[in-house]
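For reference, the structure discussed in these notes is given below.
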Amino acid sequence: MDLNGKTAIITGASSGIGRATAKMLARDGANVVLAARREKELKELKNEIEKDGGKALVVETDVTKRDDVKNLWSKTEAEYGTCDILVNNAGIMPLSYMKNFHVDEWLKTVDVNLNGVLYCIAEIMPAMIKQKSGHIVNISSTAGREVMKGSAVYSATKFGVRALSDGLRMELSPEFGIFVTCIEPGAVETELTESITDKELMEDFKDMFADLDFLDAEDIAKAIHYSVTQGDKVNVAELQVRPVGQG
Ligand SMILES: NC(=O)c1ccc[n+]([C@@H]2O[C@H](COP(=O)([O-])OP(=O)(O)OC[C@H]3O[C@@H](n4cnc5c(N)ncnc54)[C@H](OP(=O)(O)O)[C@@H]3O)[C@@H](O)[C@H]2O)c1
Numbered sequence: 004m005d006l007n008g009k010t011a012i013i014t015g016a017s018s019g020i021g022r023a024t025a026k027m028l029a030r031d032g033a034n035v036v037l038a039a040r041r042e043k044e045l046k047e048l049k050n051e052i053e054k055d056g057g058k059a060l061v062v063e064t065d066v067t068k069r070d071d072v073k074n075l076w077s078k079t080e081a082e083y084g085t086c087d088i089l090v091n092n093a094g095i096m097p098l099s100y101m102k103n104f105h106v107d108e109w110l111k112t113v114d115v116n117l118n119g120v121l122y123c124i125a126e127i128m129p130a131m132i133k134q135k136s137g138h139i140v141n142i143s144s145t146a147g148r149e150v151m152k153g154s155a156v157y158s159a160t161k162f163g164v165r166a167l168s169d170g171l172r173m174e175l176s177p178e179f180g181i182f183v184t185c186i187e188p189g190a191v192e193t194e195l196t197e198s199i200t201d202k203e204l205m206e207d208f209k210d211m212f213a214d215l216d217f218l219d220a221e222d223i224a225k226a227i228h229y230s231v232t233q234g235d236k237v238n239v240a241e242l243q244v245r246p247v248g249q250g
């Protein structure tokens with residue numbers, strides 16, 4: 004599929020996988036809507052994209068706030084008329100051991116990683132249903148297939164994103180021609196681990212991944228790009244992308 008003139012909303016575009024994806028889709032002609040909380044980073048990215056000849060719109064958005072997500076959709080509709088691709092990428096990963104009771108972080112993880120995805124789907128899906136086309140890309144994780152000590156809550160949200168993607172595909176693809184893809188990255192070098200505050204876990208986590216050669220954000224952006232450019236017949240339902248050393 005040609006991305007020229009298509010509009011893609013990317014949540015969590017201020018860093019890591021979201022940032023790399025926005026650049027890649029914009030380079031191929033998509034209008035990209037950059038959504039996250041850090042406006043400064045989004046504006047810098049918009050400038051980079053526009054210097055390369057691309058088109059970008061910044062909408063400061065906290066995906067846990069329903070009004071912010073409503074505003075994200077109305078700004079997108081006003082600027083570009085519709086949304087062809089929604090990349091539900093915003094996420095946090097404050098891993099912790101359950102015995103250490105980081106209860107506020109448990110709830111925040113559910114709020115961003117699961118409720119945030121639901122809010123975006125609720126706002127943007129109606130336009131896709133009406134136009135009988137569109138593509139929803141949800142970012143799960145290998146932690147959405149395998150639980151490790153310390154990932155119980157994070158994994159619960161990412162298992163949830165995978166289940167949600169399956170259900171969405173079954174309900175939306177045959178009836179409305181909407182594509183649904185679930186991307187499951189392994190370890191990628193980004194800012195994601197900065198939200199970890201459990202010191203005990205952090206020590207173990209560092210040891211566990213000490214020898215691993217992490218993927219780059221661009222490796223996952225390529226998988227997203229692949230998923231959204233396969234044409235009218237091919238629904239790339241799931242892609243798991245791991246560093247070779249992750250096993
Ligand atoms: N890195 C990995 O190893 C890995 C592996 C598997 C899956 N993933 C998934 O990939 C996705 C992207 O993560 P990343 O690795 O690229 O990490 P990252 O660099 O930390 O990016 C996370 C993005 O989410 C945004 N975000 C966080 N809370 C938000 C909120 N309440 N509202 C809106 N945006 C919010 C952040 O922007 P602001 O702070 O500006 O809001 C940031 O742009 C996440 O869903 C993550 O779970 C990552």
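Position 88, counted from 1, in the sequence shown is what our numbering calls 91; the numbers after and before it change by one each time, with no gaps. Quick reminder that beta carbons are idealized off the backbone N, C-alpha and C, glycines included. Owing to the predicted nature of the structure, the values given are computational and were not obtained by experimental measurement.
Based on the DSSP output, what are the partners of residue i in its beta bridges?
i, result
"Thr-184", "Val-140"
"Ile-88", "Ala-11 and His-138"
"Asn-34", "Thr-10 and Lys-58"
"Val-191", "Leu-218"
"Ala-39", "Glu-63"
Just how far apart, CA to CA, sit residue i and residue j?
i, j, result
"Asp-65", "Pro-97", "17 Å"
"Val-164", "Trp-76", "21 Å"
"Asp-55", "Glu-203", "44 Å"
"Ala-155", "Met-101", "8 Å"
"Ile-132", "Val-244", "29 Å"
"His-105", "Leu-215", "27 Å"
"Ala-166", "Gln-233", "23 Å"
"Pro-177", "Ser-168", "14 Å"
"Glu-63", "Gly-180", "30 Å"
"Asp-31", "Asn-7", "7 Å"
"Ser-144", "Cys-185", "9 Å"
"Thr-24", "Lys-73", "22 Å"
"Ala-39", "Lys-236", "32 Å"
"Leu-37", "Pro-188", "21 Å"
"Arg-69", "Tyr-122", "6 Å"
"Val-113", "Thr-67", "10 Å"
"Glu-42", "Val-231", "26 Å"
"Asn-238", "Leu-175", "11 Å"
"Glu-80", "Asn-118", "22 Å"
"Glu-149", "Lys-161", "10 Å"
"Ser-198", "Asn-103", "15 Å"
"Val-61", "Met-151", "36 Å"
"Ile-52", "Met-27", "9 Å"
"Ser-136", "Lys-209", "43 Å"
"Gly-250", "Gly-153", "19 Å"
In the DSSP assignment, the beta strand (DSSP E) including residue i goes from what residue to what residue?
i, result
"Lys-58", "58-63"
"Leu-242", "241-244"
Identify the continuous alpha helix (DSSP H) that holds residue i and give its terminal residues.
i, result
"Glu-178", "155-179"
"Glu-82", "69-83"
"Ala-29", "19-30"
"Val-106", "106-113"
"Glu-197", "Counting along the chain, Glu-197 falls outside any alpha helix (DSSP H), and DSSP gives it neither H nor E."
Can you tell which of the options has the C-alpha that lies nearest to the C-alpha of residue i?
i, options, result
"Glu-44", "Thr-14, Val-72 and Gly-56", "Thr-14"
"Asp-107", "Glu-63, Gln-243, Gly-189 and Thr-200", "Thr-200"
"Asp-5", "Arg-22, Ala-29 and Gly-189", "Ala-29"
"Val-120", "Asp-207, Lys-209 and Gly-94", "Gly-94"
"Glu-206", "Thr-24, Ser-99 and Asn-116", "Ser-99"
"Thr-10", "Gly-170, Lys-161, Lys-26 and Tyr-83", "Tyr-83"
"Ala-59", "Glu-80, Asn-34, Asn-74 and Lys-209", "Asn-34"
"Ala-146", "Gln-134, Ala-159 and Thr-184", "Ala-159"
"Leu-110", "Tyr-157, Arg-148, Gly-248 and Gly-153", "Tyr-157"
"Asp-71", "Glu-149, Val-115 and Gly-57", "Val-115"
"Val-247", "Phe-212, Glu-241 and Val-231", "Phe-212"
"Leu-171", "Gly-153, Met-151 and Ala-240", "Ala-240"
"Gly-130", "Glu-149, Met-173, Cys-86 and Arg-148", "The question names Gly, but residue 130 in the sequence shown is Ala. Nearest C-alpha to Ala-130: Cys-86."
"Arg-242", "Val-183, Gly-21 and Gln-249", "Rather than Arg, the amino acid found at residue 242 in this sequence is Leu. When only C-alpha atoms are compared, the closest one is Val-183."
Does the Cβ of residue i lie closer than 7 Å to at least one heavy atom of ligand 2?
i, result
"Ile-199", "The model depicted lacks ligand 2 and carries ligand 1 instead."
State yes or no: is the beta carbon of residue i nearer than 8 Å to at least one beta carbon in chain B?
i, result
"Thr-184", "Here chain B cannot be found, since the structure has a single protein chain."
- Touch test, the region 184-193 against the region 202-221, Cβ-Cβ under 8 Å, three pairs minimum: With the rule of 3 Cβ pairs closer than 8 Å, the region 184-193 counts as touching the region 202-221.
- Do the region 135-148 and the region 79-95 meet, that is, are 3 or more Cβ pairs less than 8 Å apart? Three or more Cβ pairs drawn from the region 135-148 and the region 79-95 lie within less than 8 Å of each other, which places the two stretches in contact.
- Item | contact_flag[the region 225-236, the region 126-135] where n(CB pairs < 8 Å) is 3 or more | No contact exists between the region 225-236 and the region 126-135.
- Item | Sufficient close CB pairs (3 or more, under 8 Å) joining the region 9-23 to the region 33-53 | Segments in contact, yes.
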